[in-house]
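Working notes, structure below.
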Amino acid sequence: MTVLVGWILALAMVVVVPLGLRLVDDDRRRLGPVGQVWPFAGLLGGLSLLFDRGDAFAVALACCYAAVTAWLAVLALLRLLRRRSLAPVEIAVLTAMVAPAVAASSLIAERGGWELLGFGMTTQLLTVAHFHYAGFAAALVAGLTASRAPSPSSSVAAVTVPVGIALVFLGYFTGDGVELAGAVVLTAGMWLLGWTVWRDVAPSARGRMTRALFGVSAAVLAVTMLLALSWAAGHVWDAVPHLSLTWMAATHGLANALGFALCGLLAWRRVQRAGDTPATNVMSA
1 MTVLVGWILA LAMVVVVPLG LRLVDDDRRR LGPVGQVWPF AGLLGGLSLL FDRGDAFAVA
61 LACCYAAVTA WLAVLALLRL LRRRSLAPVE IAVLTAMVAP AVAASSLIAE RGGWELLGFG
121 MTTQLLTVAH FHYAGFAAAL VAGLTASRAP SPSSSVAAVT VPVGIALVFL GYFTGDGVEL
181 AGAVVLTAGM WLLGWTVWRD VAPSARGRMT RALFGVSAAV LAVTMLLALS WAAGHVWDAV
241 PHLSLTWMAA THGLANALGF ALCGLLAWRR VQRAGDTPAT NVMSA
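Here it is as structure tokens:
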């Protein structure tokens, strides 16, 4: 499982986050420098996973990545202070900009072999994945969707996805019941997001390939989030069937990484390149 999760994390750090950052219109040219540096920092973060846990060099590599995520988090704070808005789109975008810093903190602790806040190594590694794919990719896609296809459903998704992410994280500290509540909220938000993309965004996209990428991204959520919900419920009620952690990584984790995040962000990138940019105009940094 650890090897597979490592590859999934490397994809997030090297490809998914830099790709997503390009989708936020940078009218003040603040995201340009961090976006240029990110692939290299992400590569260092990915390389840190190749070394033994507790290796000082692995920790140093993870710290390099964390420094860039902190830079992005500071830009999120500046955005909040400048715009002074907590509209659904803003909540989603700010979540996406801050989430990698949370992930990087767990990465440093896991690479150092330290039990951060009492969490074991497996939990910390999964936290890194959670905040890259749910925290960054899902929140960003929710924000893009709410800005391109404004509707009650897209606005609700743009709020419930970040709230669900936060509740799942809070459940790590408080217990399985809170984590299950977070999984319910996050699943509802992700399903609503997938439905909105399928119904409103994909049909209006230019090009068959773009529509196909949107369709795959939306359809994947129907299955992967059901797996996440059953896994969380299975830790509260023993009678609920759920996959093992290894199988969750191989199904839920891999499908979300490739099917939802990568396909979805590639679709949005194609929309941006085609010059159809109402979404990115709304999401100016």
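Residue numbers (UniProt numbering): 1 to 285.
Beta carbons are placed, not taken as given, at the ideal position from N, Cα and C, and that holds for glycine.
None of these values were measured; they are calculated from a predicted model.
Next item on the list: Please work out which residues of its chain come closer than 6 Å, Cβ to Cβ, to residue 224, disregarding the five sequence neighbours upstream and downstream, and give them in chain order.
Entry: 252, 255 and 256
Next item on the list: Report the option in 116, 7 and 70 whose CA atom is closest to the CA atom of residue 49.
Entry: 7
Next item on the list: Express the C-alpha separation of residue 197 and residue 242 in angstroms, rounding to a whole number.
Entry: 28 Å
Checklist line | Where residue 32 sits in the DSSP three-state scheme | finding: Here residue 32 sits in helix by DSSP.
Note to self: Judging by CA-CA distance, which residue of 99, 145, 129 and 180 is the nearest neighbour of residue 267?
What the structure shows: When only C-alpha atoms are compared, the closest one is 145.
Next item on the list: Keeping to the same chain, check which residues put their C-beta closer than 7 Å to that of residue 190; ignore five residues upstream and five downstream.
Entry: 138, 161, 221 and 225
Next item on the list: Look up residue 179 in the DSSP assignment and say whether it is helix, strand or coil.
Entry: helix
Note to self: With a threshold of 8 Å, are at least 3 pairs of Cβ atoms found where one atom belongs to the stretch 56 to 64 and the other to the stretch 99 to 119?
What the structure shows: yes
Checklist line | Where residue 203 sits in the DSSP three-state scheme | finding: helix
Margin query: Taking a contact to mean a Cβ-Cβ separation below 7 Å, would you say residue 295 touches residue 142 in this structure?
Written below: One cannot answer for residue 295 here, as it falls past the ends of the chain, which runs 1 to 285.
Next item on the list: Counting only the same chain and skipping the five closest in sequence on each side, list residues whose C-beta sits under 6 Å from that of residue 42.
Entry: Only 13 and 14 meet the Cβ criterion.
Check: What separation, rounded to the nearest whole angstrom, lies between the Cα atoms of residue 281 and residue 52?
Finding: Residue placement at residue 281 is poorly supported in this model, since its pLDDT is 41, which falls under 50; the coordinates are not used for a value here.
Notebook entry, point to check: Between residue 248 and residue 237, is the Cβ-Cβ spacing less than 7 Å?
Noted result: no
Notebook entry, point to check: Among 79, 108 and 154, which residue has its Cα nearest to the Cα of residue 56?
Noted result: 108
Checklist line | Distance CB(residue 156)-CB(residue 185) smaller than 7 Å | finding: no
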